[in-house]
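Let me begin by presenting the structure, written as structure tokens, before commenting on it.
If you want it as structure tokens, here you go:
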């Protein structure tokens, strides 16, 4: 892993300098060296996953699971950090903005990898194909969060510093079109097996994206675009692969190599996830009453995925999806990025919007049964639609900001956030559904325009 990290950091830092200082050929020299062999070429993407697993926006105190949950109604902040409080009270300013820089850095690495791989004639064809697919996938993955947080953003498809420095914002719809195009390319290029770092040996771990991760993200992108038939088909391609995937018992979902997992990140800083450390030990947040009060009686997700502390006469709950936060455990946990439970709910939502109430109810009930709850009795379109959003809230809490993005796409912000933001000590305005563009980016790129209201 040390070799992969060195390769990644060398390319990463040369690339970051290149973005700001056009004319340096350093990245080309590095690229020619890195993409001369299978091992060093694989090290670029492996190093990227290593870096993602080391901190935000994937995990830890800069993670989307924390910051987007703070923006929504999932948490009660108990940490005094001013940056977290600004996010929590929906009072961000352009001076300190999370996620933007790192997501664009990852996109730069993906673009650099695509350029280097395309120009290389030294690689084994299967390795080259898989790595190019991973790069397309990562680019789409990062853009899916950038548009969710910021709306229109620059669409950067190369490492051309001059063009990138002057890039204006691209309409969200165009970026979604690019995401779909990237994912369809990735699906053609990537292996349907999980692979080790050498890109040739099958792996029991699920830490390298495969064709199934592409289909899972594609299902989400189609859902967000209201392309219901396509969303259902993409979700089905994973759900129906029962040899690889199944809904596992609640207590096993987040374990290493879980059959629920479509893509996980391996902990690299310690023998446990940073989310385990963050929520169990640091505890910057507790779960809000807006979340805890919607769990049904007997819901195993409440008993297994939350834990509590009692202070005086008060009970405070916190996320407990990751239970390991010290030492070495017999059942190690890996950070979940994409999982099967979400795909059942994507399929349910796509089905109900296509008028297929039977399929929608079946998918909802699969999630409810796993949670120890009864089957739905009311299967009208209205009841199913409400149930889907409820199940998403209690199934996907504290995971990658799902609640914030769901409130935005189902037009729930104006219903939920005025009361919630007041409870959090702030004031809600509709423009706050988008984060501000960082001020330093506006200074570097004069073609960028700030989001309304900031």
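Numbering (this note's numbering), first residue to last: 191 to 644.
Note that CB positions come from ideal geometry on N, CA and C, so glycine has one too.
Item: Give the DSSP-derived three-state secondary structure of residue 486 in the structure shown.; Value: coil
Item: Counting C-beta neighbours from all protein chains within 10 Å, is the total for residue 400 16 or more, i.e. buried, or is it exposed?; Value: buried
Item: For a quick check, are the C-beta atoms of residue 462 and residue 534 less than 9 Å apart?; Value: no
Item: Under 6 Å Cβ to Cβ from residue 374, same chain only, skipping five residues before and after it: list those, please.; Value: none
Item: Nearest-angstrom Cα distance between residue 562 and residue 606?; Value: 28 Å
Item: Locate the beta strand (DSSP E) running through residue 497, then write down its first and last residues.; Value: 496-501
Item: For residue 385, which residues does DSSP report across the bridge?; Value: 392
Item: Given a threshold of 16 other Cβ atoms within 10 Å of its Cβ, counted over all protein chains shown, does residue 215 qualify as buried or as exposed?; Value: Because residue 215 carries a pLDDT of 45, less than 50, the predicted location of this residue cannot be relied on, and no value is offered for it.
Item: Is there at least one Cβ from chain D nearer than 9 Å to residue 360's Cβ?; Value: Given the protein chain composition of this structure (a single chain), no chain D is represented.
Item: Determine the DSSP secondary structure at residue 315, reduced to helix, strand or coil.; Value: helix
Item: Note down, in chain order, each residue of its chain lying with its Cβ closer than 8 Å to the Cβ of residue 598, except the 5 sequence neighbours on either side.; Value: 338 and 623
Item: Could you say which of 456, 236 and 441 lies nearest to residue 249 if we only look at CA atoms?; Value: 456
Item: Of all the options 287, 510 and 350, which has the alpha carbon lying nearest to the alpha carbon of residue 630?; Value: 287
Item: Pick from 265, 306, 318 and 342: whose alpha carbon is nearest that of residue 290?; Value: 342
Item: Cα separation between residue 570 and residue 547?; Value: 7 Å
Item: Quick one: what's residue 446 bridged to in DSSP?; Value: None; residue 446 has no bridge partner.
Item: Thinking C-alpha only, which one of 502, 265 and 557 is nearest residue 436?; Value: 557
Item: Less than 8 Å between the CB atoms is what I'm expecting for residue 638 and residue 358, so what's the real figure, rounded?; Value: 7 Å
Item: Quick one, which of 530, 231 and 625 has its alpha-carbon nearest residue 643's?; Value: 625
Item: Could you tell me the alpha carbon to alpha carbon distance between residue 270 and residue 438, rounded to whole angstroms?; Value: 38 Å
Item: Quick test of your reading: residue 238 and residue 317, contact by CB under 8 Å. State the CB separation rounded to the nearest angstrom.; Value: Contact doesn't hold; Cβ gap of about 16 Å is too wide.
Item: Taking the alpha carbon of residue 433 as the point to measure from, which residue in 449, 325, 440 and 442 has its own alpha carbon closest?; Value: 449
Item: In three-state DSSP terms, what is residue 451?; Value: strand
Item: DSSP on residue 478, reduced to helix/strand/coil?; Value: coil
Item: Cβ of residue 284 within 9 Å of Cβ of residue 640?; Value: yes
Item: Check each candidate in 459, 635, 440 and 540 and name the one with the smallest Cα separation from residue 586.; Value: 440
Item: Tell me whether residue 345 is buried or exposed, calling it buried when 16 or more other Cβ atoms sit within 10 Å of its Cβ.; Value: buried
Item: Just reading off the beta strand (DSSP E) that residue 509 is part of, what are its end residues?; Value: 504-509
Item: By how many angstroms is the C-alpha of residue 265 removed from the C-alpha of residue 253?; Value: 14 Å
Item: In three-state terms, what does DSSP make of residue 597?; Value: helix
Item: Compute the Euclidean distance between the alpha carbons of residue 388 and residue 228, then round it to the nearest angstrom.; Value: 8 Å
Item: Which residues does DSSP pair with residue 567 in a beta bridge?; Value: Answer by DSSP bridge pairing: none, since residue 567 is not bridged.
Item: Quick one: is residue 491 buried, meaning 16 or more other Cβ sit within 10 Å of its Cβ, or exposed?; Value: buried
Item: Counting C-beta neighbours from all protein chains within 10 Å, is the total for residue 391 16 or more, i.e. buried, or is it exposed?; Value: exposed
Item: Identify which residue in 366, 384 and 306 has its Cα closest to the Cα of residue 349.; Value: 306
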